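In UniProt numbering, the protein residues as written are 1 to 447.
In this text, a Cβ means the ideal position worked out from N, Cα and C, and glycines have one as well.
Given the structure is predicted, the values throughout are model-derived calculations rather than measurements.
The block underneath contains the structure these notes are about, expressed in structure tokens.
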Amino acid sequence: MWYLDYMFLLKKKNFEKSNVLGCLLLFLTICSTAQEQLHTLNGPIINPQEKTGPLWIKNKLIKEGVFIAPSYSFTNDYDEHKQFPNIKGLFFKGLPYNGKQTKVFCWYGLPNGLLAGEKRPAVVLVHGGGGTAFPEWVKKWTDKGYIAMAVALEGQVPGERVEHNTGEKLWPGHEYSGPRRIGFFEDVVTKKLEDQWFYHAVADVILASSLLKSFPEVDAQSIGISGISWGGILTNVITGIDNRYAFAIPVYGCGFLQETPHYKKLLAGLTTEQQQFYLQNWEPSLYLSLQEQPSLFVNGTNDFHFTMNSFTKTYKASKNEKYLYIEHNMKHGHRPGWEPEEIYAFADYIVKNGKRPLVPKFKGLRKKDQLVYECDEKATEAYLYTTTDTADWGRDNYTWQQTSMDFSKTGRIISAKLPSNTQAYFVNIRDSEGMMYSSPMRMVNKK
């Protein structure tokens with residue numbers, strides 16, 4: 001309408017040149033305001049012509065309304081599976097799948113002792129492959145004083161897993177479920193974006209976050225996210241789309257999956273078109289530079305799925321405040337993935353003014369291969385981990401040797417001799433509260 005009015009004014013007889021210039025300025029101002037409105041909608045300006053990449057994905061999700069709290073209802077149908085009295089089930093409205101409306105099941109838990117009118121920090125929990133919304137995981141967080149919501153991302157509801165004719169044991173579903181995951185992005189291209197599992201999983205987690213923000217007992221500025229394995233992959237992608245999170249804790253899952261032996265093989269099994277779609281739209285490394293929240297990256301030295309080369313590269317690509325927890329020979333699984341106390345200590349640091357993680361900072365490799373690191377405060381323990389074999393990151397039995405490090409008088413400088421033939425190394429330190437944090441893995445330059 002404003003455009004037609006402007007053209008009408010231009011055609012009027014005896015229209016003053018100064019007024020023409022004034023209208024032109026008004027026209028430009030309106031255009032600029034429209035651009036600013038796009039910019040303030042939870043992120044940067046999005047080009048509507050873009051048909052690939054993170055901003056295209058984000059634009060689609062914004063249009064789907066995932067940043068608005070969905071309708072929901074609590075349910076008592078699965079109380080026999082909830083295990084804990086401070087947890088209850090709920091369904092919220094998901095995105096349409098194959099033209100039909102979906103509902104998403106969650107376990108929602110409140111910390112004991114929550115007072116009327118009180119607000120607490122919260123966390124969204126994103127399960128991995130073979131997993132579901134685990135009430136034990138919710139309880140782990142509520143015991144730490146957090147409100148927690150675990151989201152079932154493959155249309156599951158609580159119950160015993162049933163063996164299907166494929167031999168795979170699956171969690172029970174329901175009539176309003178969305179898609180299940182099919183291998184490693186095997187449904188991309190073969191299905192339109194809106195019906196792909198990963199798209200729905202991303203949308204479901206963001207919708208859960210929007211729902212959490214709407215609850216009066218939740219501190220809306222203190223909502224974090226933690227995902228395990230596939231949930232870690234999702235966490236790295238989601239936090240590049242949704243900048244509302246106070247913190248992120250991806251466990252195992254990382255980016256640069258095409259450089260891990262396991263996922264490189266799975267990627268090779270896709271068609272060329274599917275490979276291209278994944279690398280242009282869903283590879284987590286695409287989203288790292290778009291993240292804004294502090295992160296704690298968690299992994300084990302010998303993880304078969306998320307190997308140290310890609311995991312380290314993911315950590316280094318993150319531009320925000322970041323910390324590392326690398327556990328020697330950490331097992332891969334949901335329970336091992338939510339057990340480390342450092343996860344909860346990091347969340348406390350961000351939203352409860354807790355103690356900042358102690359970071360070992362590399363100072364250099366000095367004479368006689370003496371490796372030196374420095375800490376901001378005194379560490380109580382320090383260990384150097386080295387390996388002489390990085391030929392195949394996909395082998396889960398390659399060896400990391402542990403060496404105790406020496407302390408300076410202040411306890412802030414730690415050092416150790418780097419063993420001969422070392423190809424890669426990192427350092428773990430413990431602080432005065434027993435929390436362990438890591439340095440990023442470094443490769444030894446071959447002369």
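- Query: Based on the DSSP secondary-structure assignment, which residues constitute the bridge partners of E163?
  - Reply: As a position in the sequence shown, residue 163 is number 163, starting the count at 1. Answer by DSSP bridge pairing, in chain order: K169.
- Span of the beta strand (DSSP E) around N428: Numbered from 1 along the sequence shown, position 428 holds the residue referred to as residue 428. Note, N428: beta strand (DSSP E), A424 to R430.
- Message: If you measure between the beta carbons of W141 and V123, is that distance less than 8 Å?
- Response: As a position in the sequence shown, residue 141 is number 141, starting the count at 1. As a position in the sequence shown, residue 123 is number 123, starting the count at 1. Yes. Within cutoff.
- Query: Closest to Q115 by CA distance: which of V138, I147 and G89 is it?
  - Reply: In the sequence shown, residue 115 corresponds to position 115, counting from 1. Inspection of the sequence shows that residue 115 is occupied by Leu rather than by Gln. Comparing Cα positions, the closest option is I147.
- Contiguous beta strand (DSSP E) assignments of at least 3 residues, all confined to the stretch 85-112: 87-93 and 103-109
- Message: For G337 and S318, what's the separation of their Cα atoms in angstroms?
- Response: As a position in the sequence shown, residue 337 is number 337, starting the count at 1. As a position in the sequence shown, residue 318 is number 318, starting the count at 1. Whole-angstrom Cα-Cα distance: 21 Å.
- Buried/exposed call for E273, threshold 16 Cβ in 10 Å: The residue given as residue 273 occupies position 273 in the sequence shown. Classification of E273: exposed, given that the 10 Å Cβ count is below 16.
- Query: From the DSSP output, which residues share a beta bridge with G224?
  - Reply: Taking the first residue of the sequence shown as position 1, residue 224 is located at position 224. Paired residue(s): V123 and F247.
- Comparing alpha-carbon positions, which option in F311, Y176 and I238 lies nearest V205? For the purposes of this step, residue 205 is taken as the residue at position 205 of the sequence shown. Closest by alpha carbon: I238.
- Message: Given this structure, state the Cα-to-Cα distance separating N98 from D376, to the nearest angstrom.
- Response: If you number the sequence shown from 1, residue 98 lands on position 98. If you number the sequence shown from 1, residue 376 lands on position 376. So the alpha carbons of these two residues sit roughly 54 Å apart.
- Query: Candidates A268, Q370, G155 and K322: which alpha carbon is nearest P96's?
  - Reply: Position 96 of the sequence shown, counting from 1, holds the residue named residue 96. Among A268, Q370, G155 and K322, the Cα nearest to that of P96 belongs to G155.
- Message: Give me, in chain order, the residues of the same chain whose beta-carbon lies closer than 8 Å to that of S289; leave out the 5 immediate sequence neighbours on both sides.
- Response: Taking the sequence shown and counting its residues from 1, the one referred to as residue 289 is at position 289. If we look at S289 and ignore the five residues flanking it on each side, its Cβ neighbours are G240, A317 and K319.
- Query: Are there 16 or more other CB atoms within 10 angstroms of the CB of E433, so buried, or fewer, so exposed?
  - Reply: Taking the sequence shown and counting its residues from 1, the one referred to as residue 433 is at position 433. Exposed is the call here.
- Quick one: any contact between the stretch 409-420 and the stretch 365-384, if contact means 3 or more CB pairs under 8 Å? yes
- Could you give the distance in angstroms between the alpha-carbon of T380 and the alpha-carbon of Y373? Position 380 of the sequence shown, counted from the first residue, corresponds to residue 380. Position 373 of the sequence shown, counted from the first residue, corresponds to residue 373. Going from the Cα of T380 to the Cα of Y373 covers about 14 Å.
- Query: Okay, do the stretch 221-236 and the stretch 279-296 touch, 3+ Cβ pairs below 8 Å being the bar?
  - Reply: yes
- Looking only at its own chain, which residues have a Cβ that is under 7 Å from the Cβ of A201, when we skip the five neighbours before and after it? Along the sequence shown, read from residue 1 onward, the residue named residue 201 stands at position 201. Result list for A201: L153 and L234, in chain order.
- Message: So for M441, helix, strand or coil by DSSP?
- Response: Walking along the sequence shown from the start, residue 441 turns up at place 441. Looking at M441 - three-state DSSP - the assignment turns out to be coil, as it is neither helix nor strand.
- Task: Could you tell me which uninterrupted beta strand (DSSP E) segments, each at least 3 residues in length, are contained entirely in the stretch 335-377, listed from first to last along the chain?
- Result: 361-366 and 370-374
- Residue span of the beta strand (DSSP E) that contains E327, given as start and end: The residue given as residue 327 occupies position 327 in the sequence shown. Where E327 is concerned, the enclosing beta strand (DSSP E) stretches over K322 to E327.
- Quick one: give me the first and last residue of the beta strand (DSSP E) that L55 is part of. Translated into the one-based positions of the sequence shown, residue 55 becomes position 55. Element bounds for L55: not the beta strand (DSSP E) but the alpha helix (DSSP H), P54 to E64.
- Message: Please report the straight-line C-alpha distance between R356 and A248, rounded to a whole angstrom.
- Response: Locating residue 356 in the sequence shown gives position 356, counting from the first residue. Locating residue 248 in the sequence shown gives position 248, counting from the first residue. Near 15 Å, if we compare the C-alpha coordinates of A248 and R356.
- Item | Beta carbon of S439 nearer than 8 Å to that of F362 | Mapped onto the sequence shown, residue 439 falls at position 439. Mapped onto the sequence shown, residue 362 falls at position 362. Their beta carbons are under 8 Å apart, which means S439 touches F362 by this criterion.
- Message: Beta-carbon within less than 6 Å of G178's beta-carbon, same chain only, minus the 5 sequence neighbours each way: which residues are those?
- Response: Residue numbering aside, residue 178 sits at position 178 when the sequence shown is read from its first letter. Around G178: G94, Y97, T102, G155 and H200.
- Message: Buried or exposed for Q293, going by 16 or more other Cβ atoms inside 10 Å?
- Response: Counting from 1 along the sequence shown, the entry for residue 293 is found at position 293. Under this definition Q293 is a buried residue.
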